[in-house]
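First the structure, in the form of structure tokens, and then the observations on it.
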Amino acid sequence: MFALWGFPTPHRHGESSKHRKPIRKHHGSTHDSTTTKRRIDLLDLDYDVTKRMFVNTSIKETSRLDHLECILKKRYLDGSQRIPEDAKIQFYLFDKPLDGGDIPQEAPSLNYRVLESEDDGAIRVLWQGTDLKLRKPQIEVITREVASGKSVGAIRETAANLLRSSNKSREQQIQNASQIVVEAMGGLRPGPIQGNNWEARQVQTQWLCRYLLIYVRPPNDYLVLRGFNEQYVWHKPYRDSRGCADVRRTKAWLKKEVLTTAQWRKAHRRSINIDDIRFIYRGKQVNKHTHIRPGEIIDFELPRTAEDNFILAEAALVPLTETCVVCSDEKRVSEMPNRLRITASCEHDSSMCKECVASWITSSMDTVTWDRLKCPECPQLLKYDNVRAFATKEIFERYDTLAVKALLSGIPEFMWCLNPHCDSGQIYPTGCERAKCYACKHYICVRHNVPWHKGETCDEYERRTRRQRRSDMASEKHVKEITKACPGCNRNVHKYEGCDHVTCICGHEWCWLCFGKYYRDKDEFLQCHHTEECRYHTNPPNYEGGRAFMPFLDFVPPPAAPMPGGAPRDRRPPPAGPGNHHPRRFPIRDPALAQFVMRRHEDRNPFNPHANINPAQHRQRLDFFEEAMLFNLDNLAQRAERGR
């Protein structure tokens, strides 16, 4: 029985084996590249126009591109698909043209395009329509606009205007340019071109599409989806039983036909979840009960990562049409803030790109508190969604942490763990004295907000630390004596130098003497509601109003030096009588300017139109400085009036 078992004998180094396997010679084992063949597919990029089917042929490893050219010309000798002998055939490996004569190794297929002798390879526009007609000269106009770099939206507008002009009796069929369909025929990504901001001629470079087909859809048989400052048109949208757009299918179309196909290469596509797409219709978020009729405009939003990936993918299709006022770089519309608003409360069109806004937020986080971030172009505060839309990932995580901590600090029962190596916190029920952190397992005295005093109760700890608490209370009392509470956030503020205009870290601006609130008037000058007891009520400081920008308003001429020989003789003209009229030098024609002078003479804020003035106390004579200044201001006012 043991004889049936076989034990392998170890082969020792340097010893020859007694049992050698015979060496077998295989005929034809040497690789001959001249006889080895493989099969390859040849696909016509213009199949939608030429109708040439793909060709599967066998080639040798040493075959060259001219051999494939001969195969194609022999395959299509006659008929509408004929390839002339003098035609040039350009081969492509995916989207890369093959300029040499070698066939790439292991390439399962190649794309090709036939260029006849008089064909320059330029993009061509085709028209398809039955009721409406587009003449050849009009098609040539559209072709020239495509070649000049016009956007798809501009091509739609041009086509709509040309159709109206050439079909006067049916011009009511063209109610909106969004009815015009611009479709790519052939190439690597055939089908409708949805982006209105895409440059039409780029489809030839990016998708190898040479033919553009134009036709018209019926009125209100489309949807316009707007996002990233761009518009995308969906023709013949899905409708529900009520005739409204199906929200779920609309999101699926946006994902499938736009967000994942702007870049034809699958390796560059990014997966997007339909639930991450948020629709906004007429200022309200869309849900499954929202009724949207075809022909309307829907705004959509994506998560920050998905938005950045798509903008990068479609960058080659969108031209540089904007200029950032900060970095002076040319930008695409998708690289500017959405709807040109940094915040929803902004009343201006933003001229900064997203990168510069992100840099502004980064620098502001080091100079102001997290909840006082402002728009770089106006005083509007940035909200949570605004910071998330512009800030970098690291800065937003820092901002989010501060926001969460501020929110939790408003919960009386919440306490942070006192372990310096733990960042956790939790809510403790009322009456709890001893608690344990769920993260680091350290014990905390909830009553005194200190690490747990092991070996003594809370009453014993309180008796032991009574002297320390008295010292702390005395310190708090002294702090209240030398500080004032901010009217905005009630924080203690200590002013040890500087003017009486205080700006708290919460952003509130107030007067140190009367707690009056500072504000900006319609001319963006700094003003304050001083109380009547405040010394600045009738005599505001120099940094209020226009005094900060025009300090010459506070110029007080020095008193005239006494002249030798006594006072000079009075040379004033006699008082005006019935026959003696002496008009004042440099009369002030503008009533607003006259009020300005009167407020200044009475030591009131000249830039505050609500300041009370007494015309009886107004001085009749102006010094030389005032006359010169008012003469120039009056002339400037007259010039501005004449220029209107």
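Quick note on this note's numbering: the sequence shown kicks off at 7 and runs consecutively.
In this text, a Cβ means the ideal position worked out from N, Cα and C, and glycines have one as well.
* Asked: For the candidate residues N173, N167, A190 and P196, whose alpha-carbon lies nearest to that of S184?
  -> N167
* **Residue from C512, D506 and H514 with nearest C-alpha to C540** => D506
* Neighbour-count burial assignment, R472, 16 or more Cβ in a 10 Å radius -> exposed
* Does DSSP put C5 in a helix, a strand or coil? -> The shown model of the chain, from 7 to 650, leaves out residue 5, and the question about it has no answer.
* Nearest residue (CA-CA) to E468, options S481, V452, K483 and E482 -> V452
* Asked: If we count the other Cβ atoms within 10 Å of its Cβ and call it buried at 16 or more, is K27 buried or exposed?
  -> Residue confidence for K27 is low, a pLDDT of 49 falling below 50, so the modelled location carries little weight; the figure read from the coordinates is stated next. Classification for K27: exposed.
* Asked: Would the beta-carbon of W240 fall within 8 angstroms of that of Q200?
  -> yes
* To do: Would you kindly work out how many angstroms separate the C-alpha atoms of V55 and C359, rounded to a whole number?
  => 42 angstroms
* Asked: Tell me the DSSP bridge mates of D108?
  -> R70
* To do: Quick one: grab the DSSP three-state call for R591.
  => Residue placement at R591 cannot be trusted, given a pLDDT of 43 that sits under 50; what the coordinates show is reported in the next sentence. Residue state, collapsed to three classes: coil.
* **Exposure label - S157; buried when at least 16 CB within 10 Å** => buried
* What are the boundary residues of the alpha helix (DSSP H) that includes I199? -> Counting along the chain, I199 falls outside any alpha helix (DSSP H), and DSSP gives it neither H nor E.
* Boundaries (first-last residue) of the alpha helix (DSSP H) holding E515 -> Note, E515: premise wrong, no alpha helix (DSSP H); beta strand (DSSP E) at E515 to C517.
* Which residues DSSP lists as bridging M421, in chain order -> Q432
* To do: Report buried or exposed for K486, applying the criterion of at least 16 other Cβ atoms within 10 angstroms of its Cβ.
  => exposed
* Near H32, which residues of its chain fall below 8 angstroms by C-beta distance, leaving aside the five closest residues on each side in sequence? -> No answer about H32 holds up, because its pLDDT of 49 lies below 50 and its placement is not dependable.
* Would you verify that the beta carbon of K94 is, or is not, closer than 8 angstroms to some beta carbon of chain B? => Protein chains in the displayed structure number just one, and chain B is not present.
* Any idea if Q291 is buried or exposed, counting beta-carbon neighbours within 10 angstroms, 16 or more meaning buried? -> exposed
* **Chain-order list of residues whose beta-carbon lies under 6 angstroms from that of N226 (same chain, five-residue window excluded)** => P300 and G301
* To do: Kindly indicate which three-state DSSP category H274 falls into: helix, strand or coil?
  => Note that H274 has pLDDT 48, beneath the 50 cutoff, so the model's placement of it is unreliable and no number is given.
* Could you tell me which residues DSSP puts in a beta bridge with L1? => Outside the modelled stretch of the chain, which goes from 7 to 650, sits residue 1, for which no answer is possible.
* When we look at the beta-carbon of I367 and count the other beta-carbons within 10 Å, is it buried (16 or more) or exposed? -> buried
* Asked: For H427, which option in L413, T436 and H448 has the closest C-alpha, if you only look at C-alpha atoms?
  -> H448
* L218 versus Y525 - alpha carbon distance -> 58 angstroms
* **L265 versus F316 - alpha carbon distance** => 6 angstroms
* Taking DSSP as the reference, what is the three-state secondary structure of Y542? -> coil
* Asked: Taking L408 as the reference, which of M371, I417, C438 and V147 has the closest Cα?
  -> M371
* Beta-carbon gap between S64 and R81 smaller than 8 angstroms -> no
* Any chance you could list the alpha helix (DSSP H) runs of at least 4 consecutive residues sitting entirely within the stretch 367-419, in chain order? => 390-396 and 399-415
* Helix or strand or just coil, what does DSSP make of M342? -> coil
* Integer-rounded CB distance, given that A153 should sit under 8 angstroms from I129 -> 7 angstroms
* **Inter-residue CB distance, E307 and I286 (contact presumed, cutoff 8 angstroms)** => 7 angstroms
* **Neighbourhood of V324 by C-beta distance below 8 angstroms, restricted to the same chain and skipping five residues each side** => G201, N203, W204, E205, E236, R338, V339 and S340
* Through-space distance from R497 to P546, alpha-carbon basis -> 26 angstroms
* Find out if the Cβ-Cβ distance for the pair F420, G437 is shorter than 8 angstroms. => no
* **Residue nearest to V393 in terms of C-alpha spacing, selected from I348, S357 and D355** => I348
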